[in-house]
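Residue numbers (the working numbering), protein chains in the order written: chain A, 3 to 114; chain B, 5 to 119.
Glycine residues also receive a C-beta, built at the ideal position from the N, C-alpha and C atoms.
All of these numbers come straight from a predicted model, not from anything done at the bench.
Report on the structure given below.
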Amino acid sequence: GNSVTQMEGPVTLSEEAFLTINCTYTATGYPSLFWYVQYPGEGLQLLLKATKADDKGSNKGFEATYRKETTSFHLEKGSVQVSDSAVYFCALRGGSNYKLTFGKGTLLTVNP
Amino acid sequence: GAVVSQHPSRVICKSGTSVKIECRSLDFQATTMFWYRQFPKKSLMLMATSNEGSKATYEQGVEKDKFLINHASLTLSTLTVTSAHPEDSSFYICSATEGINQPQHFGDGTRLSIL
């Protein structure tokens, strides 16, 4: 079956630091990959996505590249802000299945 | 665009009561809606998938008589937690999608607390 493994947090960074949150996946076929962000007390918001190999999703300074050879979709941002503090979920959707498979989430805290 | 509204955002009620949570897609037609449960500091657990006009498909281990799902229109799905007990206390989140190649858009969640 499908699965997503992302680095366990929590991750604590200073403002303007470089961020990487690792995500690897196992899936049959050619899944679509997503990063979602959850701010405290809220639902999930789609941060970025990639639907095929070598696609790069980007939004709000965050980037992730769909690497089929390493089955990875690592999230990066060059300079984090305090407002980026949230839980980040990597997810995949495989083939004809609507269902999303989520990683366990990574809590990011950015200190001023 | 692609806004999903979930209501209420928070509910506190006594054990034994039933609670209804609404999930609406405000600016698109949601052929499929999903209901998730999220435990503290944990990932989202898919409870069920509902397609407009048909019965919901429940994930293994989820009691369909406990968690009633109705998806009567392309913009509204409801989850009713029947005879709620303290162990049902959780954060419930819905999502909606226009179709198979479209992303899921999430509501802001409902914090359910059963006393």
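Nearest-angstrom Cα separation, counted from residue j out to residue i
i, j, result
"asparagine 55 of chain B", "valine 8 of chain B", "16 Å"
"serine 5 of chain A", "alanine 29 of chain A", "7 Å"
"leucine 21 of chain A", "asparagine 61 of chain A", "14 Å"
"serine 22 of chain B", "glutamate 17 of chain A", "45 Å"
"serine 1 of chain B", "glycine 63 of chain A", "Absent from the structure is residue 1 of chain B, since the part of chain B shown begins at 5 and ends at 119."
"arginine 120 of chain A", "threonine 72 of chain A", "Outside the displayed range of chain A (3 to 114) lies residue 120 of chain A, so it cannot be described from this structure."
"asparagine 74 of chain B", "alanine 60 of chain B", "7 Å"
"threonine 53 of chain A", "proline 90 of chain B", "40 Å"
"glycine 80 of chain A", "tryptophan 37 of chain A", "16 Å"
"leucine 46 of chain A", "glycine 11 of chain A", "18 Å"
"lysine 45 of chain B", "glutamate 44 of chain A", "13 Å"
"isoleucine 16 of chain B", "leucine 119 of chain B", "7 Å"
"valine 13 of chain A", "asparagine 113 of chain A", "11 Å"
"alanine 76 of chain B", "tryptophan 39 of chain B", "15 Å"
"leucine 72 of chain B", "aspartate 56 of chain A", "41 Å"
Beta carbon proximity, residue i to chain B, threshold 8 Å
i, result
"leucine 46 of chain A", "yes"
"tyrosine 100 of chain A", "yes"
"glycine 75 of chain A", "Before going on, a small fix: residue 75 of chain A reads as phenylalanine here, not glycine. Chain B, which has no Cβ nearer than 8 Å to the Cβ of phenylalanine 75 of chain A, makes this no."
"phenylalanine 64 of chain A", "no"
"phenylalanine 20 of chain A", "no"
"lysine 54 of chain A", "no"
"lysine 79 of chain A", "no"
"glycine 59 of chain A", "no"
"lysine 51 of chain A", "yes"
"glycine 31 of chain A", "no"
"glycine 107 of chain A", "yes"
Reference residue i; option with closest CA among the options
i, options, result
"threonine 26 of chain A", "A:Gly63, A:Ser87, A:Phe104", "A:Phe104"
"leucine 110 of chain A", "A:Pro33, A:Tyr41, A:Gly31, A:Phe36", "A:Tyr41"
"lysine 18 of chain B", "B:Gln108, B:Asp92, B:Cys98", "B:Asp92"
"glycine 20 of chain B", "B:Ile97, B:Lys70, B:Gln33, B:Gly103", "B:Lys70"
"aspartate 86 of chain A", "A:Leu49, A:Leu35, A:Phe36, A:Gln8", "A:Leu49"
"isoleucine 23 of chain A", "A:Lys58, A:Gly31, A:Ala66", "A:Ala66"
"glycine 31 of chain A", "A:Val84, A:Glu78, A:Lys70", "A:Lys70"
"glutamine 8 of chain A", "A:Val89, A:Lys58, A:Ser34, A:Asn113", "A:Val89"
"asparagine 105 of chain B", "B:Tyr62, B:Cys27, B:Ala34", "B:Ala34"
"alanine 93 of chain A", "A:Val112, A:Val39, A:Ala55, A:Asp57", "A:Val39"
"phenylalanine 32 of chain B", "B:Lys68, B:Ala6, B:Phe43, B:Ala76", "B:Ala6"
Inter-residue CB distance, residue i and residue j (contact presumed, cutoff 8 Å)
i, j, result
"serine 29 of chain B", "threonine 86 of chain B", "In fact, because the Cβ distance is near 24 Å, the residues do not count as touching under 8 Å."
"serine 94 of chain B", "methionine 37 of chain B", "The pair is not a contact, with the Cβ atoms about 18 Å apart (cut-off 8 Å)."
"lysine 101 of chain A", "threonine 53 of chain B", "7 Å"
"isoleucine 96 of chain B", "arginine 41 of chain B", "Here residue 96 of chain B turns out to be tyrosine, not isoleucine, going by the sequence shown. Right, their Cβ atoms sit about 6 Å apart."
"threonine 84 of chain B", "proline 12 of chain B", "13 Å between Cβ atoms; not a contact."
"serine 47 of chain B", "glycine 107 of chain A", "5 Å"
"glycine 111 of chain B", "glutamine 10 of chain B", "3 Å"
"histidine 109 of chain B", "serine 117 of chain B", "Not confirmed; about 26 Å, so no contact."
"alanine 19 of chain A", "valine 82 of chain A", "6 Å"
"tyrosine 62 of chain B", "methionine 51 of chain B", "7 Å"
C-beta neighbour in chain A for residue i, strict 8 Å
i, result
"glycine 57 of chain B", "no"
"isoleucine 25 of chain B", "no"
"aspartate 31 of chain B", "no"
"phenylalanine 43 of chain B", "no"
"serine 81 of chain B", "no"
"phenylalanine 110 of chain B", "yes"
"serine 87 of chain B", "no"
"leucine 50 of chain B", "yes"
"serine 205 of chain B", "No information on residue 205 of chain B is available, as it lies outside the stretch 5 to 119 that chain B covers here."
"serine 54 of chain B", "no"
"threonine 21 of chain B", "no"
Residue-level contact to chain D via CB, residue i, 8 Å cutoff
i, result
"glutamine 64 of chain B", "The chain labelled as chain D is not found among the protein chains of the depicted structure, namely A and B."
Q | Short-range partners of chain A found in the segment 90 to 108 of chain B, where Cβ spacing is below 7 Å | A | Ile97, Thr101, Ile104, Pro107, Gln108
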